[in-house]
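One structure below.
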Amino acid sequence: MRRCGILSIFVIFIMLFAQSSFAEQKGVIVGEKLVFSLAWTNVLEAGTTIMEVAGEEVFFGHDVYHTITISKSSPAFSSFFYVYDRIDCYFDKETFASLKYEKHLREGNYKNDAVIYYDPDRQIAVREEKILKTLPNTMDVLTAFYYLRTLDFEPGDVIHINHSDGKRSKEIDVKILKREKVTVPAGTFNCIKIEPILKETEGIFRQEGRLWFWLTDDERHMPVLMKSSIVIGDITAKLVSYTTGG
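Going by the numbering used here, the sequence shown opens with residue 1, and the numbers climb by one from there.
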């Protein structure tokens, strides 16, 4: 059965003591590290997700950012469902077009390893030696999330992002909903609430699931809170610590 990373989804498309500290920094900052606590049905501690901008590299002639996302289940959650997922993304520093997406998922008895290479010039993605035609400036799901943070938007806007997982190529719509004040372990922040439209989503996040993010209402659009209503219950992610990088 097709499926996706359970915990690391919060940091696909899934935080800050002073709002003013973000004002002069926009986009991807090398050294940024965000740590989230995850809870299932708002009661059971499910685990931790870490999102990190690991560095800058040259990949197939492109200057790229390298990001790492790791999700792991807590001891209590692991007693009935163990999770350890790692996803590495490499994307062009200027266009945000994906160059490489590598995932290693361990979820209960389920294991999934995959590497996808993207050629933005030829508009193709290669996964397991299968070639897929892609849309212009295609991104993997996590790169799309970093890209979204660089944009200017207002409530009522809908953002369109070209996406491919190496099996299909499609457009993701992200609805910009409203402004709200949010309190998490890292502090209280003025935020903008957004909702990706999960078309043809695999696994537990299939179509009846919904996903919301709260991003800081400033130039960096840092994710503060993430909530999902899915077939196995509600999952919430809250920022607990951060390093801004730079």
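Virtual Cβ for every residue (Gly too), placed ideally from N, Cα, C.
Item to check | For Ala76, three-class secondary structure by DSSP | outcome: helix
Checklist entry - Going by Cα to Cα distance, which pick from Asp121, Thr143, Thr138 is closest to Glu253? => result Look at the range of the chain in this structure, 1 to 246, and you will see that residue 253 is not part of it.
Checklist entry - In terms of residues, what are the limits of the beta strand (DSSP E) holding Lys48? => result What sits at residue 48 in the sequence shown is Thr, not Lys. Segment 44-59, the beta strand (DSSP E) holding Thr48.
Item to check | Beta-carbon proximity of Asn137 to Thr95, cut-off 7 Å | outcome: yes
Checklist entry - Excluding the five sequence neighbours on either side, which residues of its own chain have a C-beta within less than 8 Å of the C-beta of Glu56, listed in chain order? => result Val30, Asp63, Val64, Tyr65, His66, Lys93
Item to check | Exposed unless 16 or more other CB atoms sit within 10 angstroms - verdict on Glu129 | outcome: exposed
Checklist entry - Roughly how far, in whole angstroms, is the beta-carbon of Val182 from the beta-carbon of Trp214, given that I think they are within contact range, below 8 Å? => result 5 Å
Checklist entry - Between the beta-carbon of Ile32 and the beta-carbon of Ala39, is there less than 7 Å? => result Note that residue 32 is Glu in the sequence shown here, rather than Ile. Cβ atoms of Glu32 and Ala39: not closer than 7 Å.
Item to check | Thr49 and Ser74 closer than 7 Å at C-beta | outcome: no
Checklist entry - Pairing CB atoms from the region 151-158 with CB atoms from the region 112-119, are three or more of them under 8 Å? => result no
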